[in-house]
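Residue numbers (this note's numbering): 1045 to 1399.
The C-beta atom is built at its ideal place from N, Cα and C for all residues, glycine as well.
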Amino acid sequence: MSPRPPEVSIVAASRNDDHGGNLFERMQLFVDGLADQSRRFDMPIELVLVEWNPPADRPSLAEALRWEQADQLQRRVVTVPHDVHRTYPHADGLPLFQMIGKNVGIRRSKAPFVLATNIDILLTDELFAFLQKGLRANAMYRVDRHDVLASFDGPRLPTPAECRALPVLREHRRDGLRYPQGAPPVARPRPAPAAPNHERFDIQRTIKELSRMTMAAWDRVVLPKLHTSGCGDFTLTSRDAWFAMHGYPEWAAYSWHMDGVALFQAYAGGVEMINLQPPMAAIHLEHGEGSGWTPESRRLFDRLDAAGVPYLSTAEYRKLARKLVHGPRGFHPINGSDWGLASMDLPEEHPKPAR
């Protein structure tokens, strides 16, 4: 009997390089969670996992991951080889172009709705159940992200259910961050020794900061309050809407703010923005400091700056958002028609569960 067609495609991009520490364990929990929930809720879904620039000295994700039995989960691993990766600027400093990788998966998705997410995310049962309730074609769904700290030091991997039950460190909400257990101290750089004419430099810094704060305040007035916090971890909309936008921006840069650009594109195209409320949430398995952004650390940007890797600044991001929102109505695709490496015949595997 042929499998039922998937109702939702779940797209993520990764590689087997232990980025952020315990990456493989977090990926295993991600695929285990989807297998478990698709089976328990009897919902046909497909996972399109894009393996970008796989390391030559490690097994592929299709080989390395353990695939649980779940007839409702269709598994696809699409590979973007190193030869393709190296054609992009800054390929040496960025082993994974995350948003281009997600576009590869979105472009090849088969379900009428596509969830773009990451490989360290678990969905609460309440959120997964919502996926069955009739998603609207002209809507984009967002949720809060809840960060948890799982331990991988024990004799066995924790289960997805155990991770979902962990205390929440941070809640990434539409109205900002909330720390249920109290905010940790923020590491701030020590002030540099006083230099000649330091008063003049202090005045220049003060003027620059006041200008930044003024523009940020103005943006809060002229821009719609979209739920952009942690949006790269859960953005769900119709396949038609993703195709109208041509996916995420395909800039050869670190993915900072690119996920938010897609939200403003959808808003400009007339897509209804729906923010689902807890207990519907995306559970994020915390990773190592400096491997991704956290409010308490700037190490990520120090690393990018040292490597000469570009990223979209907050000022540039807001400028683009204003242009999208206040320009002519439409999706305003940033990429060309070949977005998602559409013209490339990329290798694809369909890993089978172990019997």
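Here GLY1352 is exposed. Its C-beta has fewer than 16 other C-beta atoms within 10 Å. Counting along the chain, GLY1220 sits inside no alpha helix (DSSP H); it lies in the beta strand (DSSP E) bounded by residues 1220-1222. Between HIS1328 and ASP1191, the C-beta gap is smaller than 7 Å, which places the two residues in contact. Put simply, the backbone Cα of PHE1172 is about 16 Å away from that of ALA1209. When secondary structure is reduced to three states using DSSP, LEU1117 falls in the strand class. Considering only ASP1136, PHE1141, GLY1137, the residue with the shortest C-alpha distance to VAL1124 is PHE1141. Look at the beta carbons and you see the stretch 1113-1122 touching the stretch 1392-1399: at least three pairs across the two are nearer than 8 Å.
In the assembly as shown, GLU1360 is an exposed residue. Its beta-carbon has fewer than 16 other beta-carbons within 10 Å. Under the three-pair Cβ rule at 8 Å, the stretch 1309-1322 counts as touching the stretch 1283-1295. Taking GLY1137 as the centre and dropping the five residues before and after it, the same chain places the C-beta of ALA1351, GLY1352, VAL1353 closer than 7 Å to its C-beta, in chain order. Taking each of LYS1177, ARG1214, VAL1305 in turn and checking the Cα distance to ARG1366, the smallest one comes out for VAL1305. Distance from the CA of ARG1110 to the CA of MET1071, rounded to the nearest whole angstrom, comes to 10 Å. As the crow flies, the alpha-carbon of ARG1373 is around 14 Å from that of PRO1268.
Note on the stretch 1176-1227: whole alpha helix (DSSP H) runs with a minimum of 4 residues are 1204-1208, in chain order. Just so you know, the alpha carbons of ARG1343 and TRP1300 end up roughly 14 Å apart.
Contact annotation: HIS1271 and ARG1180 have beta-carbon atoms that are not nearer than 7 Å. Here ASN1097 has ARG1059, VAL1124, HIS1126, HIS1129, PRO1139, LEU1140 as same chain residues with Cβ atoms under 7 Å from its own Cβ, once five neighbours each way along the sequence are excluded. Using a Cβ distance threshold of 7 Å, VAL1158 and SER1046 do not count as a contacting pair.
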